[in-house]
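Input: a single structure, listed below in structure tokens.
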Amino acid sequence: MRTLALLIAVTSGVLFAEEPHAPATKAKAKPPAHATASATHSPAPASDAPDMPSTALAELSAGNARFMAGKRTRTLDTGHDAAMRAALVAGQAPFAIIITCSDSRVPDALLFDQEAGRLFTIREAGNAPDLQGIASAEYAAEHLGSKLIVVMGHTSCGAVKAIHSANGKPLPGNLWALQAGMAGLLESTPQDPNEDTKAHLSRLEEANARRQAQALLDRSGLLSELAAAEKLWIVPALYNLASGKVQFFKPLAAVPALQAHH
Ligand SMILES: [Zn+2]
């Protein structure tokens with residue numbers, strides 16, 4: 633099943649990084665039809681939304697390519713804001729759920745070039761959703777029909793740096809909750825003897841995105857069942873603040889519920 637999923641992904645134009653710290657793959661996704669349309673096109677909030685995990689990921693990849701190239705189309709159309717709002721009053725059908733950091737330098741709608749109604753976003757420091765964040769993702773996947781969850785870390789993440797600096801000692805205020813949400817990260821990814829702190833932090837940022845994505849499967853039976861049925865992909869990712877590129881990793885493999893209890 634996973635092989636099939638990856639074949640679909642590759643044929644959809646999205647190439648995944650194979651292993652931690654693999655070189656960034658070049659996005660080859662074709663621009664969607666609207667990318668070549670006039671800049672004054674009317675927004676179509678739901679009618680052209682991807683309806684499969686693979687096509688949802690391809691659209692995010694294409695949107696990120698537009699963002700990197702300075703050629704956004706969907707988030708430049710300010711002349712139709714009133715029409716866009718009116719079209720969305722009756723309901724929403726966001727095709728993707730984005731779980732990312734609260735960092736102000738990670739504007740998910742812009743960097744994926746998606747207007748209102750397209751992305752269901754959960755942002756918490758360290759892209760480490762608490763139970764309410766996971767419930768929010770369940771709501772979007774189950775009730776709104778989202779096909780994809782991207783758990784996206786980023787370079788120069790202050791939350792990861794804080795966890796690294798604290799090294800297990802309590803942080804002030806309520807930041808203990810952040811430490812709890814990222815518990816086990818340092819142990820999972822120890823510093824190599826010849827590795828400087830900057831390189832270690834980079835590995836921690838990627839490891840955190842992967843671990844938080846896996847935590848969704850581990851903590852949510854609802855999301856696990858959708859993923860096992862290939863109705864939902866959960867994809868770890870890392871956003872590079874400098875280049876603007878989002879590196880997508882492979883969709884997580886979910887064990888079907890019947891086998892999970894053996
Ligand atoms: Zn961050």
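In our numbering, the protein residues as written are 633 to 894.
By construction, the Cβ of each residue, glycine as well, lies at the ideal position given by its N, Cα and C atoms.
In this text, all values refer to a predicted model and were calculated from it rather than measured experimentally.
Item: Runs of alpha helix (DSSP H) wholly within the stretch 775 to 805 (minimum 4 residues, chain order); Value: 790 to 798
Item: F727, enclosing beta strand (DSSP E) - first and last residue; Value: First-last for F727: undefined, no H or E at that position.
Item: Per DSSP, the bridge partner or partners of P868; Value: V783
Item: Start and end residues, beta strand (DSSP E) containing Q879; Value: 878 to 880
Item: The stretch 799 to 806 contacting the stretch 753 to 773, beta-carbon criterion three pairs below 8 Å; Value: no
Item: Contacting residues, own chain, Cβ-Cβ under 7 Å from P868 (five flanking each side not counted); Value: V783, A841, R842, A845, F881
Item: Near ligand 1: H786 beta-carbon under 7 Å from a heavy atom; Value: yes
Item: Straight-line Cα distance separating G876 from A860; Value: 31 Å
Item: Close-in-space but distant-in-sequence residues of the same chain around P888 (CB under 6 Å, 5 per side omitted); Value: A860
Item: With 16 other Cβ atoms within 10 Å as the buried cut-off, status of S856; Value: buried
Item: Chain-order list of residues whose beta-carbon lies under 7 Å from that of V792 (same chain, five-residue window excluded); Value: G758, L833, L836, E837, N840
Item: Classification of W808 by the beta-carbon crowding that lies within 10 angstroms, buried from 16 upward; Value: exposed
Item: Alpha-carbon spacing of F699 relative to D709, whole angstroms; Value: 14 Å
Item: Straight-line Cα distance separating D762 from L810; Value: 9 Å
Item: Proximity test, G876 beta-carbon vs ligand 1 heavy atom, cut-off 7 Å; Value: no
Item: Secondary structure of T707, DSSP reduced to three states; Value: coil
Item: With 16 other Cβ atoms within 10 Å as the buried cut-off, status of L849; Value: buried
Item: Length of the line joining the Cα atoms of A681 and A798; Value: 43 Å
Item: Residues proximal to ligand 1 by C-beta, any heavy atom closer than 5 Å; Value: C733, D735, C789, A791
Item: Residues that T687 bridges to, as DSSP identifies them; Value: In DSSP, T687 forms no bridge with anything.
Item: Residue of L776, D713, I866, V878 minimising C-alpha distance to A885; Value: I866
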